[in-house]
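Numbering (the numbering used here), first residue to last: 333 to 617.
Glycine included, each C-beta is placed from N, C-alpha and C at the ideal position.
Printed below as a string of structure tokens:
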């Protein structure tokens, strides 16, 4: 089924000085992300090798490739779940070398996962508040003693959590247990929790997994809305090619840990190396 994406505005992709493409609207801004010759080796196996990528300040970008191509490994490198064995990652012009996962989140990268990682026994609102913890402005003692600054911050976090939930129309489910939500709603809640950390780059790992076509279409529109309202960049891994081609401005294709193509949706769809990677060796998309 092909999705109609006429409501989603895509920017014209233009050459960046380093020969990468970024949306025209981001040409005068520093890239949110720049990976230079990034790689990681496990024993004698190079899981990712010579990975180069630039993402514009408000770009919606896609990272695609056959199963086992190294896409999630790239996400783990960007968030420092793995420390790269070679190369450099620049976030908003700052070198992320030596940073921990928590520090990377504070610097501006948030992510979701292939397998949903919510706190099932907490409420929907409480899950979102966990993402807001880095914006908490009261001490442990003030929290224990329930002093005025604690209640003031709690009120702000409650209001912000409901505001974020309203993006997906989930504010009426704020008191539900996260584990009681349908699968698609759990996916959406994980995105909201990531947004709560106030990122400049949002990494979405297969956000449409388990969603039906209508839910996927709504997700496309929501991703575009998030980009527009929050003015952030989004990099997504996704196997649903209708979603990727319908919303992504720049697309990077991995195969066996190496970049085999980069370009616009039209360029990627007609690239012989991409067609071979997906279809020539009986791989599943």
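Inset, instruction - Work out the CA separation of residue 457 and residue 463 for me, nearest whole Å. - result: 10 Å
Legend entry - 6 Å CB neighbourhood of residue 577 in its chain, flanking five on each side removed: Only residues of its own chain outside the window of five on either side were considered, and among them 597 have a CB closer than 6 Å to the CB of residue 577, listed in chain order.
Inset, instruction - Using 10 angstroms around the beta-carbon of residue 442, count the other beta-carbons present and answer buried if the total reaches 16, otherwise exposed. - result: buried
Legend entry - Run of the alpha helix (DSSP H) containing residue 562, from where it starts to where it stops: 545-562
Legend entry - For residue 449, the first and last residue of its enclosing alpha helix (DSSP H): No alpha helix (DSSP H) holds residue 449; DSSP gives it neither H nor E.
Inset, instruction - Assign residue 487 to one of three DSSP states: helix, strand, or coil. - result: helix
Inset, instruction - For the beta strand (DSSP E) containing residue 383, list its first residue and its last residue. - result: Residue 383 -> beta strand (DSSP E) spans 377-387.
Inset, instruction - Tell me, please, whether the stretch 427-437 touches the stretch 488-508 by the rule of three or more beta-carbon pairs shorter than 8 Å. - result: no
Legend entry - residue 365 versus residue 482: straight-line alpha-carbon distance, rounded: Going by the C-alpha atoms only, they are around 36 Å apart.
Inset, instruction - Put residue 415 into one of helix, strand or coil per three-state DSSP. - result: coil
Legend entry - Three-state secondary structure (DSSP) of residue 504: helix
Inset, instruction - Please determine, among 388, 477, 407 and 531, the residue with the shortest C-alpha to C-alpha distance to residue 372. - result: 407
Legend entry - residue 681 and residue 537 closer than 8 Å at C-beta: This structure leaves residue 681 out entirely; the chain is present only between 333 and 617.
Inset, instruction - Classify residue 369 as buried or exposed, calling it buried when 16 or more other Cβ atoms lie within 10 Å of its own Cβ. - result: exposed
Legend entry - Helix, strand or coil at residue 570 according to DSSP, with G and I counted as helix: coil
Legend entry - Nonlocal neighbours in the same chain, by C-beta distance under 6 Å from residue 400, ignoring five residues either side: none
Legend entry - Under the three-state DSSP convention, the category residue 522 falls into: helix
Legend entry - residue 468 to residue 388 span [Cα, whole Å]: 29 Å
Legend entry - Sheet register partners of residue 420 (DSSP bridge): 368
Inset, instruction - Return helix, strand or coil for residue 407, following the three-state DSSP convention. - result: Shown here, residue 407 sits in a helix according to DSSP, grouped into three states.
Legend entry - Beta-carbon proximity check, residue 587 vs residue 397, cutoff 8 Å: yes
Legend entry - Contact between the stretch 553-561 and the stretch 593-609 (3+ Cβ pairs under 8 Å): No: fewer than three Cβ pairs fall under 8 Å.
Inset, instruction - Report back the beta-carbon spacing between residue 570 and residue 376 to the nearest angstrom; my notes put them in contact at under 8 Å. - result: Not a contact, Cβ separation roughly 31 Å.
Inset, instruction - Sort 449, 494, 527 and 531 by Cα distance to residue 511 and report the nearest one. - result: 449
Inset, instruction - Given a cut-off of 8 Å, decide if residue 534 and residue 566 are closer than it, judged by their beta-carbon atoms. - result: yes
Legend entry - Three-way DSSP call (helix, strand, coil) for residue 610 in this model: helix
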